[in-house]
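Visitor:
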Amino acid sequence: MKKARFWKLSGAGNDFVLLAGRPKGRSGAALARALCDRRLGIGADGLLVMSQHGGRPRLDYWNADGSPAFCGNGSRCGALWAAANGLAKGRAFSLDSNRGRLEARLTKPGRAEITMPRPSKLKLAMKVAGYTVHYVDTGVPHAVVFISKNVDVDGLGRLLRFHKAFGKAGANVDFVSAAKGRLVVRTYERGVEGETLACGTGVVAAAVVANALGYAGTRVPVLARSGDVLNVTLADRPRLEGPGRVVFSGEVAL
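The structure is reproduced here in structure tokens:
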């Protein structure tokens, strides 16, 4: 029976299984479904596979359901892991991903910042299922809804996530409010099909939309469901900063 070393990582509560390289003969999709299963596997929101190409670390990501995607918090965690394990030198370095090259920077012990993909396809004030929804792609598509009270994140998130307005692929859904000078975000994530404790691309989507509507400036602190604060700096390519850590590591049978 083959075994693989793994690391369980958390980025503001968004949790991941990381492998140093993809085992031969195993697809990333199949590994993600097996390892991210919270009952029969290690349990996680997604799978990170770290490798090296052209002298730079490369990070690939799959959601828990096996769908390939981009992940902001996963990329931050990957950057911290790469620095701690000798794949990157210094406090600032490049990290390749399926959405292009990301610039990573270690900001404090246990915290990292990365450049995010350039936001695209911004559409404000769409009417979807009776709700005012704002749409933007920040590496993956997001539907942003501003709220003034608690909502059924799983129920309403599922309804909007699969709505025809967002095409066959659907969208992540972010429920956003403002409190004490910062945004508060709860996210229903596609590929996980439920609420996660944080979503990096969702945090950036909320900041982009809030800025476009005049609700926020270019430096936006965002409180995640986990209670952690992530910081978004808006520019041509936004930057996402926040915590990440290794929860535990071990070996898993494949």
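Residue numbers (the numbering used here): 1448 to 1701. Here a beta-carbon is modelled for each residue, glycine too, at the ideal position from N, C-alpha and C. Remember, it's a predicted structure, so these values are computed and weren't measured experimentally.
In whole angstroms, what separates the C-alpha of PRO1470 from that of LYS1596?
Guide: Cα to Cα, the separation comes out at about 46 angstroms.
Visitor: Would you report the Cα separation of TRP1454 and GLY1577, rounded to the nearest angstrom?
Guide: Distance between the alpha carbons of TRP1454 and GLY1577 is about 43 angstroms.
Visitor: Tell me which residue opens and which closes the alpha helix (DSSP H) that VAL1656 is part of.
Guide: 1647-1659 is the span of the alpha helix (DSSP H), which, as asked, contains VAL1656.
Visitor: With DSSP run on the structure shown, which of helix, strand or coil describes PHE1517?
Guide: The answer is coil: DSSP assigns PHE1517 none of H, G, I, E or B.
Visitor: From this set, GLU1560, SER1541 and GLY1513, which residue's C-alpha is nearest CYS1524's C-alpha?
Guide: With distances taken between Cα atoms, CYS1524 lies closest to GLU1560.
Visitor: Relative to the alpha-carbon of SER1696, which residue among LEU1534, SER1522 and ILE1489 has its alpha-carbon at the smallest distance?
Guide: Looking at the Cα atoms, ILE1489 is the closest of the given residues.
Visitor: In this structure, what does DSSP give as the bridge partners for ARG1469?
Guide: Answer by DSSP bridge pairing: none, since ARG1469 is not bridged.
Visitor: In this structure, what does DSSP give as the bridge partners for LEU1701?
Guide: LEU1701 is not bridged to any residue.
Visitor: Please check the pair THR1634 and VAL1655, which I expect to be a contact at CB under 8 angstroms, by giving their CB distance rounded to whole angstroms.
Guide: Actually they do not touch by this definition, with Cβ atoms about 14 angstroms apart.
Visitor: Over what stretch of residues does the alpha helix (DSSP H) that includes GLY1602 continue unbroken?
Guide: Unbroken alpha helix (DSSP H) run through GLY1602: 1600-1608.
Visitor: Excluding the five sequence neighbours on either side, which residues of its own chain have a C-beta within less than 7 angstroms of the C-beta of ALA1652, listed in chain order?
Guide: Same-chain partners within the cutoff: VAL1583, THR1585, HIS1589, VAL1591 and ASP1621.
Visitor: Using three-state DSSP, classify SER1673 as helix, strand or coil.
Guide: DSSP places SER1673 in coil when its eight states are reduced to three.
Visitor: Nearest-angstrom Cα distance between VAL1600 and LEU1607?
Guide: Spanning the two alpha carbons is a distance of roughly 10 angstroms.
Visitor: Please specify which runs of the alpha helix (DSSP H), each continuous and at least 4 residues long, are wholly inside the segment 1572-1643, giving them in chain order.
Guide: The segment 1572-1643 contains these whole alpha helix (DSSP H) runs: 1600-1608.
Visitor: When you measure from the CB of LEU1527 to every non-hydrogen atom of the ligand HEM, does any distance come out below 6 angstroms?
Guide: No copy of the ligand HEM occurs in the structure displayed, which carries no ligand at all.
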